[in-house]
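The working numbering puts the first residue of the sequence shown at 1020, with every later residue one more than the last.
Yeah, the Cβ is synthetic: ideal placement off N, Cα and C, and Gly gets one too.
In this text, all values refer to a predicted model and were calculated from it rather than measured experimentally.
Written out below as structure tokens is the structure these notes cover.
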Amino acid sequence: MRKSQVVAALFLVYLTACSPRDFLTRRLAADLIAGSEAFKSPQQFWLRTGIVSNKDYLSPDYLVLQRHGWITGANVPCTPNLVPPPCWDVALTPLGVDTLRDLIPSDAAGRQYFGIPVARRQLLGITGISKKDNAADVDFQWRWAPLNEVGAALYAGDVQFNSAVVFRHYDDGWRLTEGNSPRSSPSLDDALKNALPAQ
1020 MRKSQVVAAL FLVYLTACSP RDFLTRRLAA DLIAGSEAFK SPQQFWLRTG IVSNKDYLSP
1080 DYLVLQRHGW ITGANVPCTP NLVPPPCWDV ALTPLGVDTL RDLIPSDAAG RQYFGIPVAR
1140 RQLLGITGIS KKDNAADVDF QWRWAPLNEV GAALYAGDVQ FNSAVVFRHY DDGWRLTEGN
1200 SPRSSPSLDD ALKNALPAQ
């Protein structure tokens, strides 16, 4: 009886020594990716009103805003720093003012260039984990989830992206590689910027 109690106590000590972060599972990888600041940061759309170049006015994002009737543009002469012509004087329409009123930061009143949060990343799943020694490559899929009407217009399709990131195993468990790393492996921020559309 005494021997079985000692074995049971040793087994409990062994179990508590192995934290759940010692084993890189798909669930742990998903939790660490979804909880990272790089993944949680919202997508900003930067809107410029006033005189803009033809290239900006005909960009896909501005065309979406035009199609929804949120902005309008009048052909105007270019300023010396905006070439080649034509240039456009972009303004919000009354419908655009109604739509964007609550989305524009309060300190942006009177400015002609401001950011609007339009989407956040949504983790769809971990598609693979390849471990070697104290490092692991984790492949995952994600998509943009619109935060508002503008985000729904700009991210209308259900485009999914594939990204890969490197995890390192430390004494306290697995961690995402963050920031600039001297290794050839990308940080999560770089992996999200270089994401490829899923096939």
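(request) Give the straight-line distance between the Cα atoms of F1058 and T1146, rounded to the nearest whole angstrom. (result) As a first step, residue 1058 is located in the sequence shown; it is residue number 39 there, counting from the start. As a first step, residue 1146 is located in the sequence shown; it is residue number 127 there, counting from the start. Those two C-alpha atoms are separated by around 17 Å.
(message) Need the endpoints of the beta strand (DSSP E) that F1186 sits in, please.
(response) As a position in the sequence shown, residue 1186 is number 167, starting the count at 1. Taken as a continuous stretch (DSSP letters only), the beta strand (DSSP E) holding F1186 covers Q1179 to Y1189.
(request) Pull up the distance between the alpha-carbon of W1193 and that of A1183, whole angstroms please. (result) Mapped onto the sequence shown, residue 1193 falls at position 174. Mapped onto the sequence shown, residue 1183 falls at position 164. The alpha-carbon atoms of W1193 and A1183 are separated by roughly 16 Å.
(request) Compute the Euclidean distance between the alpha carbons of D1209 and P1124, then round it to the nearest angstrom. (result) Your numbering for residue 1209 matches position 190 in the sequence shown. Your numbering for residue 1124 matches position 105 in the sequence shown. Those two C-alpha atoms are separated by around 27 Å.
(request) Locate the beta strand (DSSP E) running through F1058, then write down its first and last residues. (result) Within the sequence shown, residue 1058 is the residue found at index 39, counting from 1. Segment E1056 to K1059 is the alpha helix (DSSP H) holding F1058; no beta strand (DSSP E) there.
(request) Answer with buried or exposed for T1196, where buried requires no fewer than 16 other C-beta atoms within 10 angstroms of its C-beta. (result) As a first step, residue 1196 must be located in the sequence shown, where it is residue number 177. Buried: at least 16 other Cβ atoms inside 10 Å.
(request) Could you say which of Q1131, C1106 and V1137 lies nearest to D1121 if we only look at CA atoms? (result) For this step, residue 1121 is matched to residue 102 along the sequence shown. The shortest C-alpha separation from D1121 is found at V1137.
(request) On the DSSP bridge assignment, give the partners of T1091 in chain order. (result) Here the question's residue 1091 lines up with position 72 in the sequence shown. A1110, per the DSSP bridge assignment.
(message) Which of the three DSSP states is assigned to V1102 in this structure?
(response) Reading the sequence shown from its first residue, position 83 is the one you call residue 1102. The answer is coil: DSSP assigns V1102 none of H, G, I, E or B.
(request) For the stretch 1071-1080 and the stretch 1099-1115, state whether three or more C-beta atom pairs, one from each stretch, are separated by less than 8 Å. (result) yes
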